[in-house]
Amino acid sequence: MKYPFFLVLIVLALSSCSFKGVSRYRNITYVEEHLSGKLPKKELNVFAPKKSSGEQDVLIFIHGGSWNSGKKEIYNFLGNRFAKKGVVTVIIDYPLSPEYQVHDMALASAQAVKWTHQNISRFGGNPNQIFVSGHSAGGHLASLISLRNEYFDTLQYKNPVRGAVLIDAAGLDMKWFLEQMNYEPGTEYLVTFTDSPEVWKDTSPIYFLDEKDPPLLILMGEKTLPGIKVTTDRFLEKYKELVAEPDFHVQKGKKHKPMIVQFINPRNKVYDWILEFMAQ
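What the sequence shown shows, in the working numbering, is residues 1117 to 1396, in sequence order.
Shown next, in the form of structure tokens:
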């Protein structure tokens, strides 16, 4: 979903809070121009604990914004908070709609994981402990590249993701959602996902669940958007065929946007859930 201007201002202001104990590396290119013949140049930021053993867990965060808005700088606070908790954190930008479509976004996200696996040891991170996360549209992309290896196959690289943290993820069954909504061609979501039901299925994580998948931590707001609730419920029903008791938390009273805004509070319990998940 898109974020109101006041929220961006709040987050940017808070992101400038104390970075004591954190090393920041900004605007590192992870996609060179014309990767796979189409993708534009894209960059990421790295936040690392200054006192690192060189074996820190790594979290790659993919922002939300309806697949057509958002930028990595809004989430500096998230990189700062996780780095202070001992996690090397990578915040990425990725190509956005309408210029690019969902397969482009997923390929860029996979390239960010590849870059991280190849380079994160220079920042104190353990390349064998890479986790991906995202909120809303970013949660969709995080789940898609974790569960479907096609994007890594395109990059001729083995998927190194150890687990995924989905924060009020959109689009877990985008095929079902788009079929139910019956949008007219050219509307917002169809610009991203095209008019093709085949693409809708190919980019719906629910259809790629199998026993070889990395583990998932799934967080959902009790009062989230109806489409997210229904598609998450559908996803969980299918996931329970593989994992009897999914690592799933419904956060009481939380709407969609507060599911990411809550991370501004460094004492929020969601940090404990994520750190425990990564430690397993």
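A virtual CB, placed ideally from N, CA and C, is assigned to each residue, including glycine.
Bear in mind the structure is a predicted one, so any value in this text is a computation, not a measurement.
The alpha-carbon separation between P1165 and R1140 amounts to approximately 9 Å. Contiguous beta strand (DSSP E) elements confined to the region 1314-1364 occur at 1332-1337, taking only those with 3 or more residues.
Straight-line measurement puts the Cα of E1357 at about 14 Å from the Cα of D1363. Selection I1283, V1377, D1349, F1324 evaluated against W1389 yields I1283 as nearest (Cα-Cα). Between the C-alpha atoms of L1391 and R1197 there is a straight-line separation of about 12 Å.
Bridge pairing for S1249: F1177, V1281 [DSSP]. Spatial neighbours of S1237 in its own chain (CB-CB distance under 8 Å, excluding positions within 5 residues in sequence) are listed in chain order as G1170, P1243. By the Cβ neighbour-count rule, T1145 is exposed, with fewer than 16 other Cβ atoms within 10 Å of its own. Taking L1294 as the centre and dropping the five residues before and after it, the same chain places the C-beta of Y1305, F1309, W1316 closer than 7 Å to its C-beta, in chain order. Inter-residue distance for L1335 and V1281 is about 8 Å (C-alpha atoms, whole angstroms).
For L1306, no beta strand (DSSP E) segment is defined; the enclosing uninterrupted segment is the alpha helix (DSSP H) at 1304-1309. The residue among S1225, R1383, E1215 with its C-alpha nearest the C-alpha of E1159 is S1225. Burial of A1199 is indicated by the presence of at least 16 other C-beta atoms within 10 angstroms of its C-beta. If you draw a straight line from the Cα of V1174 to the Cα of L1341, it comes to about 29 Å.
Taking 4 residues as the shortest admissible run, the region 1147-1219 contains the following complete alpha helix (DSSP H) segments, listed from N- to C-terminal end: 1192-1200.
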